[in-house]
Structures are given as C-alpha cells and as structure tokens.
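Please read the structure below before turning to the comments.
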Amino acid sequence: MESEAVKRERLRLKKENKKGKLNEWHAKKITLASEWIENETTQKSRRIIRGGVYMCELGENIGTEQGECRPVIVVSNDQINLSSGNVSIVPLTKNLKKKAIFKNGEIVTCLNEPRYHSHYFLFKNKYPFLDYDSAVLGEETKTVSKIRLKEHKGNIDMKDMEKIMIRIEWVFGLRKSLKK
Numbered sequence: 001m002e003s004e005a006v007k008r009e010r011l012r013l014k015k016e017n018k019k020g021k022l023n024e025w026h027a028k029k030i031t032l033a034s035e036w037i038e039n040e041t042t043q044k045s046r047r048i049i050r051g052g053v054y055m056c057e058l059g060e061n062i063g064t065e066q067g068e069c070r071p072v073i074v075v076s077n078d079q080i081n082l083s084s085g086n087v088s089i090v091p092l093t094k095n096l097k098k099k100a101i102f103k104n105g106e107i108v109t110c111l112n113e114p115r116y117h118s119h120y121f122l123f124k125n126k127y128p129f130l131d132y133d134s135a136v137l138g139e140e141t142k143t144v145s146k147i148r149l150k151e152h153k154g155n156i157d158m159k160d161m162e163k164i165m166i167r168i169e170w171v172f173g174l175r176k177s178l179k180k
C-alpha cells in the first residue's frame, strides 16, 4: 500500500505537470487571439458548415473535458455559422465506450453501439477522412471561435447529423428519449 508521503508527492507532480500544460496552452491562446485580431473580418466570413468535421484547437483540458487539437463536428445552424465569429461544436474521440452484455457478472460481448445515450459512433469505413472510428460526445457541446477551427476534414451525412442532434437535444432536456 502507498504511503501518505508517496500519495502527496504523486499529487504534487500531477499538479506541476498540469500547470506546465496550462502555461503552454496560455501561450497558444495568445497566438490564436492575435490571429483573430489581425483577421477578424476574414474569420467571421469563413464558410463553416453544419455537419462539417474540422480539426479544432480545444486547448488544455480541466478535469475530463476534451482537449488538444482534435476533430469536432459543427452543430450550429448555417445562418449562425455564416454571420458569427463563433460556432457550436461537439468533439470526437477515438475512445469508443461500447454497450456490454453481461451474464453472471461477466462481460459476454460488447455491442457496436454506444454505452451512453449522449454518444454516437461514426465509422472510418463510412467516413474515410476520419483517422479512427470515433464517438461523438454530445454531452460536451461547446461554442468556440472560428479561429480555433483548422483543417476541414469532410462532412457528416444528414441522416447521421439528425441522430447526433437528437442526442444533443436529449442532453439539454429538450427530448425525453432518443426515439424520433
């Protein structure tokens, strides 16, 4: 068993590591802010489309937020996307948490569907521009400046976008179930 001194040291190192990463992110954020100031008109008029998958600089996370530069899907409507300097997005992760079937307390099999109602799976065989099979994290919807959006990777089809939006509506309590 770990001693209290070892636990405290592990915690101290974890805090120092996070502090260093936050300082690095602060420097990147200053650069992004400067780019925005220099290119505000161009950024506001960027044609960002709903259902588009973009690489997005989310920065350093706190807690279990998604961070780093990662693919996101734009979920805000195209009127907002055309006129605003900000867009609403949901991040993607390669960590697919699948629904499991248990028997006698043991996992018998994992289904190829999300464990959580707020997640939706996108598969590389359908969307070859994705680097991995990915989970859409509907519970992590956020608004970001267009300056954070980098490369446009591709677009999600309307059928999948509808299913993603149903999950986001469920997250915000606008829908009682995931059934249409």
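Quick note on the numbering used here: the sequence shown kicks off at 1 and runs consecutively.
Built from N, CA and C at the ideal position, the CB exists for glycine as well.
Predicted model only: the values in this text are computed from it and were never measured.
If you drop the 5 nearest sequence neighbours on each side, which residues of the same chain put their C-beta closer than 6 Å to that of K120? The sequence as given places Tyr at residue 120; Lys does not occur at that position. Taken in chain order, the residues that qualify are V136, K163, I164 and R167.
Out of M158, V87, K159 and G51, state which residue places its alpha-carbon closest to the alpha-carbon of I147. Per the Cα distances, V87.
Cross-strand partners of M165 (DSSP beta bridge): BP columns for M165 are empty, so no partner.
So which of G52, T93, Q79 and I49 has the shortest CA-CA distance to R70? Closest option to R70, Cα to Cα, is T93.
Starting from the Cα of L178, find the closest Cα among H117, K97 and E9 and give me that residue. Per the Cα distances, H117.
Check K28 in the structure and name its three-state DSSP category. In the three-state reduction of the DSSP assignment, K28 falls in the helix class, which pools H, G and I.
What are the boundary residues of the beta strand (DSSP E) that I101 is part of? Start and end: K98 to K103.
Classification of I138 by the beta-carbon crowding that lies within 10 angstroms, buried from 16 upward: Strictly speaking, residue 138 in this sequence is Gly, with Ile absent from that position. It is buried - the Cβ of G138 has at least 16 other Cβ atoms within 10 Å.
Would you mind stating whether K97 and P114 have Cβ atoms separated by less than 8 Å? Between K97 and P114, the C-beta spacing is below 8 Å.
Since K18 and G59 should fall inside the 8 Å C-beta cutoff, what is the C-beta to C-beta distance between them, to a whole number of angstroms? Beta-carbon to beta-carbon, K18 and G59 are separated by about 13 Å, too far to satisfy the 8 Å threshold.
Reducing DSSP to helix, strand and coil, say where L111 ends up. Strand, per DSSP.
Return the chain-ordered list of same chain residues with a C-beta closer than 7 Å to the C-beta of I48, the five sequence neighbours on each side being excluded. Hits under 7 Å: V74, N81, V87, K146 and L149.
How would you write the range of the beta strand (DSSP E) that L92 sits in, first residue to last? The continuous beta strand (DSSP E) containing L92 extends over residues N86 to T93.
Should C56 go down as buried or exposed, given a rule of 16 or more other Cβ atoms within 10 Å for buried? Buried is the call here.
Residue of F102, R46, D131 and N61 minimising C-alpha distance to V140: Residue 140 is actually Glu in this sequence, not Val. Ranking F102, R46, D131 and N61 by Cα distance to E140 puts N61 first.
For Y54, tell me which candidate among W170, I156, L32 and G173 has the shortest Cα-Cα distance. Comparing alpha carbon positions, the residue from W170, I156, L32 and G173 closest to Y54 is I156.
Which residues bound the alpha helix (DSSP H) around S83? Run containing S83: D78 to S83, per the alpha helix (DSSP H) assignment.
Within its chain, find whatever has a CB closer than 6 Å to the CB of V171; leave out the 5 residues flanking it on each side and keep chain order. So the list reads S118, G138 and E139, once near-sequence residues are dropped.
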